[in-house]
Structures are given as structure tokens and as C-alpha cells.
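Q:
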Amino acid sequence: MKFKELKKSLAEKVSPVYLLTGDDAFFLDYSVKLICGACLSEPDLNLSVFEGAEAKADIGAVFSALGSFPFMSDKRVVIIKEYYPLAADVKKLKQYAEEPNASSVLIIKNSGKSDQISSISGVVTVDCSKGDETLIASWIYGEGKKYGVVFMPEAVRKIAEFCRYDMTRINGEVGKLISYCAEEKVVTEEAVEEVCSKDTDYEVYKAVDFIADKRRDKAYEAIRETLGNTGDSQRLFVSLYYHFRTLLYVSVSKEDDAALAKSLGIRDFVVRKSRAQAKKFTPKRLMKIVDALSRYDEAFKQGRTDQTSAVWNGILTVLVS
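In case it helps, numbering that gives the first Met the number 0 puts the sequence shown at residues 0 to 320.
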């Protein structure tokens with residue numbers, strides 16, 4: 000099931016074994032919170048947490064914890080973090096999933112792929128991949144509703160863009176905005192501009208739009224602002240390189256959005272935004288930029304230039320392209 004379906008599912012039934020898997024740390028943590036909230040009381044007495052390495056070294060300790068009865072709680076909860084079992088332990092997990100302890104809940108929380116576990120009958124898999132625009136917007140509106148604060152649609156869009164759709168950052172910025180706009184009870188686009196920190200990748204996206212339109216003064220201003228905020232020229236250089244490389248792939252690929260997103264390891268809506276921006280460049284211009292950034296990166300790694308020179312030569316090449 001998708002993350003957004005978990006709350007409704009828990010209202011109907013708490014399953015004995017969950018696999019939480021995906022690349023969004025916030026959704027992974029929030030899923031644990033939802034499951035524990037649905038069945039766990041007195042966590043000091045009824046919650047056991049194992050690291051994956053511990054579980055691999057002694058899976059018996061995990062099953063022992065699962066076999067213990069809860070105290071002043073409906074369930075005991077056992078969590079294993081980043082657990083990618085060997086074949087022998089997969090077999091033991093299968094046996095447990097066939098006849099689980101009715102008074103315990105096992106949560107396996109993995110950021111990576113876990114096909115061996117998800118294929119086990121009786122394991123409920125929750126997809127905690129990064130959210131799409133609709134899910135993120137729904138979550139922001141829901142958080143505002145809890146505190147009687149209305150988020151305007153343009154504010155929601157800008158929060159997501161500033162944070163590059165990273166839910167951990169979005170959660171923090173939404174909390175700041177709710178406090179900031181507590182009297183007005185409305186979060187506007189202007190409030191987001193005043194309060195929210197912009198992610199480096201967002202600043203790069205904005206600068207690239209200026210570069211595409213040959214507004215070099217604005218692009219330079221955006222890049223200088225980013226360097227002033229972060230002080231991390233290497234990160235800016237890397238962000239520029241990967242951004243232009245994505246635009247190049249998008250501009251020449253014949254794959255549809257879903258296939259290209261899978262190939263590049265990004266979300267569908269990021270592909271759509273990249274397509275729109277890539278149309279402002281010719282493939283030849285994008286190739287020239289990517290090749291130049293690659294050369295400066297290689298020169299630095301081979302000791303033929305220092306980091307500052309490599310970064311600024313790369314940035315200037317992008318600006319005049």
C-alpha cells in the first residue's frame with residue numbers, strides 16, 4: 000500500500016508484520032509513529048528496537064521479543080532498522096509470518112529495496128517513497144487544518160519547490176509558517192518567501208531559468224545568493240552539473256515520463272518540470288554545458304586546478320553558454 004493509505008488501513012486493522020520501505024525518511028518515521036499510535040501503550044515497557052546488524056547476528060533475540068506478552072498495552076512492538084536478511088533468516092521470517100504472535104507487531108524499516116521480505120505472504124508493505132505533488136499538498140493542508148491555519152495554493156506550491164519535495168524539510172518549514180502566521184490564520188506566498196529557507200537545488204533551478212533566458216545578471220545574482228547562504232561552492236557546482244545532466248537526458252530521451260523517471264531515479268513530476276525547462280535549451284547547448292562542467296570537475300580531481308578555480312570556471316562557463 001502507499002503511505003497515504005496507511006492511516007485508513009490501521010483504523011480497520013493492525014497487521015502483525017509491516018515492511019516500511021522507501022527513500023523518504025519522513026514518511027518512514029511517520030509510518031512508525033502511526034502504527035505505534037494505533038496499538039502501543041507504555042512504549043518504555045512494550046517497545047524493542049534492533050539495528051539490522053543486531054538482528055542478523057542474533058535473529059533469535061528478535062523472535063524472543065516478539066514472543067513476549069505486552070504489559071498494559073494492546074500490543075508489543077518490535078522494530079528492526081535497515082534489515083536485509085540472508086536466505087536462512089528469510090525462511091525464519093516466513094515461518095513467523097505464517098503464525099505470528101497476535102499480541103505483537105513487527106515493523107521492518109528499510110530505506111532500500113527489500114524484495115525478499117515484501118514477497119513473504121502476511122507481510123504488509125508500505126511504500127514510503129518520496130511523495131508526489133498531490134500527496135505533499137494534501138499533507139500541508141492537513142497540518143494547517145490541525146492548527147486552524149489555511150495554506151493558500153500558491154504558498155503550498157512554493158513550499159514544495161523551496162524544499163525540493165523533501166518531506167523532512169517541508170515538515171520543518173510548515174511548522175515555522177504555522178507559528179509565524181498564527182494570528183492571521185492564513186499562510187500566503189509572501190509569508191513563504193519571508194520565512195522559508197531555499198534548498199540549493201531550488202536556487203539552481205531558478206538560476207538555470209535565468210540562464211535559459213540569457214538573463215545572466217539575474218543568474219549570477221541567484222548563484223551569489225546561494226553561495227552567501229550556504230558557503231558551499233562544491234555543493235553548488237555538483238548541483239549545477241546534475242541539474243544540467245538531467246536536462247540533457249530529458250531533452251534527448253524518447254522514453255515517457257514514468258520510464259525516464261525510473262531510469263534517472265527521480266519522480267515523475269520532476270521529469271515534467273525538467274522537460275519544461277529543457278525546452279528552453281537546445282540539446283547542443285546542454286551538451287556543451289555538461290561537457291564543460293565535466294572537464295572542470297576532472298581537472299580538480301586530477302590536481303590540475305584547485306577547487307575554487309574549478310567551481311568558478313564552471314559557473315562562468317554556464318553563465319556565458
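Glycine residues also receive a C-beta, built at the ideal position from the N, C-alpha and C atoms. These numbers were taken from a predicted model, which means no experiment stands behind them.
Helix, strand or coil for D126? Go by DSSP, reduced to three states.
A: strand
Q: State the DSSP-derived secondary structure class of I288, mapped to helix, strand or coil.
A: helix
Q: For P282, I'd like the list of residues in its chain whose CB is within less than 6 Å of its CB, leaving aside the five on either flank, ordered along the chain.
A: S250 and V251
Q: Does the distance from the C-beta atom of G125 to that of A96 stay below 8 Å?
A: The question names Gly, but residue 125 in the sequence shown is Val. No. Outside cutoff.
Q: When the Cα atoms are used, what is the spatial distance from I107 to R75?
A: 14 Å
Q: Please confirm if the stretch 190-199 is in contact with the stretch 211-222, defined as three or more CB-CB distances below 8 Å between the two stretches.
A: no
Q: Measuring CA to CA, which of A37, D212 and L27 is closest to S14?
A: A37
Q: Taking 8 Å as the threshold (C-beta atoms), are V289 and Q233 in contact?
A: Result no, Cβ atoms of Q233 and V289 do not sit closer than 8 Å.
Q: Do G147 and K197 have their C-beta atoms closer together than 8 Å?
A: By the CB criterion at 8 Å, G147 and K197 fall outside the cutoff.
Q: To the nearest angstrom, how far is it from the Cα of V269 to the Cα of E153?
A: Taking the straight line from one Cα to the other gives about 18 Å.
Q: Report the rounded CA-to-CA distance for R294 versus Q301, giving the unit in angstroms.
A: 10 Å
Q: Do the stretch 10-24 and the stretch 133-147 make contact, defined as three or more Cβ pairs closer than 8 Å?
A: no
Q: Out of F243, V237, R274 and E297, which has the shortest C-alpha to C-alpha gap to K253?
A: R274
Q: Classify V76 as helix, strand or coil using the three-state DSSP reduction.
A: strand
Q: Once DSSP output is grouped into helix, strand and coil, what is the label at F280?
A: coil
Q: Measuring straight from C-alpha to C-alpha, what distance separates A257 and K112?
A: 19 Å
Q: CA-CA distance, L292 and G313?
A: 5 Å
Q: So, with DSSP's three-state summary, where would you put T20?
A: In the structure shown, T20 sits in a strand (DSSP, three-state: E or B).
Q: From this set, S63, R244 and V48, which residue's C-alpha is nearest E81's C-alpha?
A: V48
Q: For a test of the three-state rule: what should DSSP assign to L5, helix, strand or coil?
A: helix
Q: Is it true that the CB of E220 sits closer than 8 Å to the CB of E202?
A: no
Q: Taking the alpha helix (DSSP H) that L235 belongs to, which residues open and close that run?
A: S232 to V251
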